[in-house]
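Undergrad: Got a structure here, written out as structure tokens. Questions coming.
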Amino acid sequence: MNETIKSKKDIFSIALIGNPNVGKSSIFNQLTGLNQKIGNYPGLTVDKASGFLKDSHRKYELVDLPGTYSLYPKSEDELIAYKMLSGKQTAIDAVIVVLDACNLERSLLLGTQVMDFGLPVAFVLNMKDLAEKQGLIIKTHELYKSLGVPLALTDARKVEGLEAVKTLMKAERFAVTPPFIEVSEVVSEEILIQIKAKFHLDSDYQAFQMLVFFDQDKGISSEDKVWLQSLCDASGLDSSVAQLEEANLRVSKIQKLLERSIVKQKEKTNSFSRKLDRFLLHPVFGYVFFLAILLMIFQAVFAWAEVPMDWIDEGFALASAWISAALPEGVFTDFLAEGLVPGIGGIVIFIPQIALLFGFLAFLEDTGYLSRVVFLMDRFMKPLGLHGKSVVPLISGLACAIPAVMASRTISNNKERLITILVAPWMSCSARLPIYIIIIGIVIPDEVVFGINAQAFALLGMYLLGTIATLAGAFVLNLLFKQKQASFLLAEMPIYRWPRWKAVGLTMFSKSKVFVFEAGKVILMISIVLWVLSSYGPSSRMEALDSEEEYLLASAESVEEQQEIAELYASKKLEASYMGIMGKAIEPAIKPLGYDWKIGIALITSFAAREVFVSTMATIYSIGGDVENELTIREKLASETRPDSGEKVFNLATGLSLMVFYAFAMQCMSTLAVVKRETKSWKWPVIQTVAMTAIAYLAALITYQTLV
């Protein structure tokens, strides 16, 4: 065997692989710090995290593969690992396998598979402190002698042993070992030789994997699949039976190895985790406690993010005002002050919510509680086509759909993750709240019913409507989506531990960074387009309005009168703009919902963000003063009448129709940008927008026509 693998490349690429919850990501973060980047695997919808280390000779890239229990390419996580290690994705020079020192039998199933791929490999035995508390004495020399793989013993939480890992990497001390098992005991050597020759493979195990799983590999051509199937038919090979025999052979040899390498003493740990699980996993109290935790998180995200979000909002508003005052009047100044700066502000303002939400999730994950939540909720979510892990994104959607969609990354099953992403925007986010409050204040009487204000009942009803729509939508999508990938829950139950604040901080930083630099590009582009459409129109109409405004301003006798004229013509210019023309164009389509062209403009502009509805309506109806003053807006909207009939525009039918529309419609370009990023395609956000808008239109139509 060769224990020192040297390469002449400028960048030495090392894959980091291990079971879920084995501490792999902690080791990755400790080794790379903030020197990380997030991309995606070619052709796949899963993030690829990579970090870098340097020494005087070369640069080392550490690629953090998704947590997986094996290299059987059945799930997406396993498929990524399989393709990376087989050279079908980015070329890898060596592999570090992170093993759970408390459960070496399960970890070595994956570790020995990597060995059999014929790659240069090293093992890191993590969680040595927990192994000691469980009374496990690991004879590392015996393991090394039996496996022939360099070993490092670590406790990533306490940053113990990581210098040895760095030394191992920089010395490129990786071993290419003989096969751990001989797959020729399962499949004839003749067949393996044929496969290796045809596909230019180096190891018997790679040939075995291709033979057993070729029908699940989209990278294999139809002709090659027919050829491989002919080998199976000729030899009478059953792939399922062959995989089971190989797994049993591997596990049997691992067990014999561990009998020589591990000494079990009396367990030193107390039963604290078991006692706590009796309560947290209780069929009744477990759900109660979880709901209480969610309530606290939601309240904290909503309350704590409010202050920094206000600061960001005010800061960008001041920046826009300063630009308008400091730069000469003109198109470029208007573009900066009204388009670019607010567009950037629309990206940055979401950072507090995203950082806080993922900070809380990282906190719960590091304590070990999040694994219990997944286990607890899986039984309830499964019939609806969701995963136990879907509950966290859906609940976080009450604050904002953007972090909710991003939080769905924890769901490994493609179908359930996609369903979660598609239905999460139906949870009533905080952006809908200003719309609900204003309209409810107009159309719902301020009366007490059963000791509770009727307006509070109406608001509760809107939140219940969103929740019911989310669950019903998931159920329907589960029936529509056909997928061969089996759905099962394999949840690790780590012991409860105090979280590491550095790891929580790194998570908050990395998630915020991904949002700003990835989704932010699309959000900024859309914001600029909306500004252009709202600021410009046919030149003849806009020039005529400018002339009228200048004449009236010149004859105005007071500052107040000038302000009223400016607000009036701002509304007229909006009507004459391309956006106003679009509002007039869609008026025949939205009239059956009870809306006029002015509401139509608000519908269009609020595609940027639902909360834009309020400021748009304020501008359209020439409301002066603070547009955030809900009473002023409410009073003005309540007094508006239709020119043809004299009826109030915002009556009960129109108001409820409008709230129902916003409950169902995808009125948030920021969410669409994030959905595009998470699915790596425009296909799903386009389908999502069309479907949700159609459902919103139909629901609003039924509501209005029923009440009118």
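The working numbering applies: residue 47 is where the sequence shown begins, and numbers increase by one. Yeah, the Cβ is synthetic: ideal placement off N, Cα and C, and Gly gets one too. Predicted model, so just to flag it, every value in this text is computed and none were measured.
Could you give the distance in angstroms between the alpha-carbon of Val195 and the alpha-carbon of Phe169?
TA: If I take the Cα positions, the gap works out to 7 Å.
Undergrad: By the DSSP assignment, the beta strand (DSSP E) with Lys299 in it spans what residues?
TA: First-last for Lys299: Ser285 to Ser307, but that is the alpha helix (DSSP H), not the beta strand (DSSP E).
Undergrad: Is it buried or exposed for Ser685, if we count other Cβ within 10 angstroms and need 16 for buried?
TA: It counts as exposed.
Undergrad: What number of angstroms, rounded off, separates the C-alpha of Ala371 from the C-alpha of Ile390?
TA: So the two alpha carbons sit approximately 19 Å from each other.
Undergrad: For Thr687, list the residues DSSP reports as bridge partners.
TA: The partner list for Thr687 (beta bridge, DSSP) reads Lys694.
Undergrad: Going by C-alpha to C-alpha distance, which of Asp263, Phe409 and Ile142 sits closest to Trp547?
TA: Minimum Cα distance to Trp547 is reached at Phe409.
Undergrad: In angstroms, rounded to a whole number, what distance separates the CA positions of Thr50 and Ala217?
TA: Residue placement at Thr50 is poorly supported in this model, since its pLDDT is 47, which falls under 50; the coordinates still yield a value, given next. Between Thr50 and Ala217, the C-alpha separation is close to 8 Å.
Undergrad: When you compare the CB positions of Ile369 and Val394, do they come within less than 8 Å of one another, or not?
TA: Cβ distance not < 8 Å, so Ile369 and Val394 don't count as in contact.
Undergrad: Between Glu462 and Ser691, what straight-line distance do the alpha-carbon atoms span, to the nearest angstrom?
TA: About 50 Å.
Undergrad: Whole angstroms is fine: what's the gap from Ser623's alpha carbon to Leu99's?
TA: Their Cα atoms are separated by approximately 54 Å.
Undergrad: Would you mind stating whether Lys557 and Ile733 have Cβ atoms separated by less than 8 Å?
TA: No. Outside cutoff.
Undergrad: Helix or strand or just coil, what does DSSP make of Tyr509?
TA: Here Tyr509 sits in helix by DSSP.
Undergrad: Less than 6 Å between C-beta atoms, sequence neighbours within five positions excluded: which residues of the same chain meet that for Leu247?
TA: The answer, listed in chain order, is Ala253.
Undergrad: In terms of residues, what are the limits of the alpha helix (DSSP H) holding Gly18?
TA: Residue coverage of the chain in this structure runs from 47 to 754, which leaves residue 18 outside it and unanswerable.
Undergrad: Output the boundary residues of the alpha helix (DSSP H) element that contains Ile395.
TA: Element bounds for Ile395: n/a, residue is neither H nor E.
Undergrad: Which residues in the same chain as Ile3 place their Cβ atom closer than 7 Å to its Cβ, once the five residues preceding and following it in sequence are excluded?
TA: In the structure displayed, the chain extends from 47 to 754; residue 3 sits before or after that span and is not available.
Undergrad: Please return the same chain residues whose Cβ sits closer than 6 Å to the Cβ of Gln751, not counting the five positions on each side in sequence.
TA: So the list is empty, once near-sequence residues are dropped.
Undergrad: Buried or exposed, going by whether 16 or more other CB atoms sit within 10 Å of the CB of Leu129?
TA: For the record, residue 129 in the displayed sequence is Lys; it is not Leu. Lys129 comes out buried.
Undergrad: Out of Leu422, Thr413, Gly414 and Val167, state which residue places its alpha-carbon closest to the alpha-carbon of Pro329.
TA: If we check each option's Cα against that of Pro329, Leu422 comes out closest.
Undergrad: For Met724, tell me which candidate among Leu277, Ile457 and Gly157 has the shortest Cα-Cα distance.
TA: Reading off the sequence shown, one finds Glu at residue 724, where the question assumed Met. The shortest C-alpha separation from Glu724 is found at Ile457.
Undergrad: Go ahead and pull the three-state DSSP assignment for Ser727.
TA: Coil at Ser727, not helix or strand.
Undergrad: Look up Ile183 in the DSSP assignment and give the residues it is bridged to.
TA: Paired residue(s): Val309.
Undergrad: Express the C-alpha separation of Lys174 and Leu277 in angstroms, rounding to a whole number.
TA: Taking the straight line from one Cα to the other gives about 46 Å.
Undergrad: Using C-beta distances below 7 Å, list every residue in its chain close to Lys619, excluding the 5 sequence neighbours before and after it, in chain order.
TA: Closer than 7 Å at Cβ, skipping near neighbours: Met588 and Leu591.
Undergrad: Given a threshold of 16 other Cβ atoms within 10 Å of its Cβ, counted over all protein chains shown, does Ala280 qualify as buried or as exposed?
TA: Ala280 comes out exposed.
Undergrad: Rounded to a whole number of angstroms, what is the C-alpha to C-alpha distance between Gly361 and Tyr482?
TA: Distance between the alpha carbons of Gly361 and Tyr482: 27 Å.
Undergrad: Find out if the Cβ-Cβ distance for the pair Asn403, Leu416 is shorter than 8 Å.
TA: Just to set this straight, residue 403 is Leu in the shown sequence, not Asn. Going by C-beta atoms, Leu403 is not nearer than 8 Å to Leu416.
Undergrad: List in chain order: all unbroken alpha helix (DSSP H) runs of 4+ residues lying wholly within the stretch 221-281.
TA: Counting whole runs of 4 or more residues, the stretch 221-281 contains the alpha helix (DSSP H) stretches 235-245, 250-259 and 268-281.
Undergrad: Hey, could you find the ends of the alpha helix (DSSP H) Asp139 is sitting in?
TA: Note, Asp139: premise wrong, no alpha helix (DSSP H); not H, not E.
Undergrad: Report the partner residues of Ser59 according to the DSSP bridge assignment.
TA: Answer is Glu107, bridged to Ser59.
Undergrad: So, Thr700 versus Leu718, is the Cβ gap smaller than 8 Å?
TA: No; because the gap between Cβ atoms is not below 8 Å, this pair is not in contact.
Undergrad: In whole angstroms, what separates the C-alpha of Gly519 from that of Ile358?
TA: One C-alpha to the other measures close to 35 Å.
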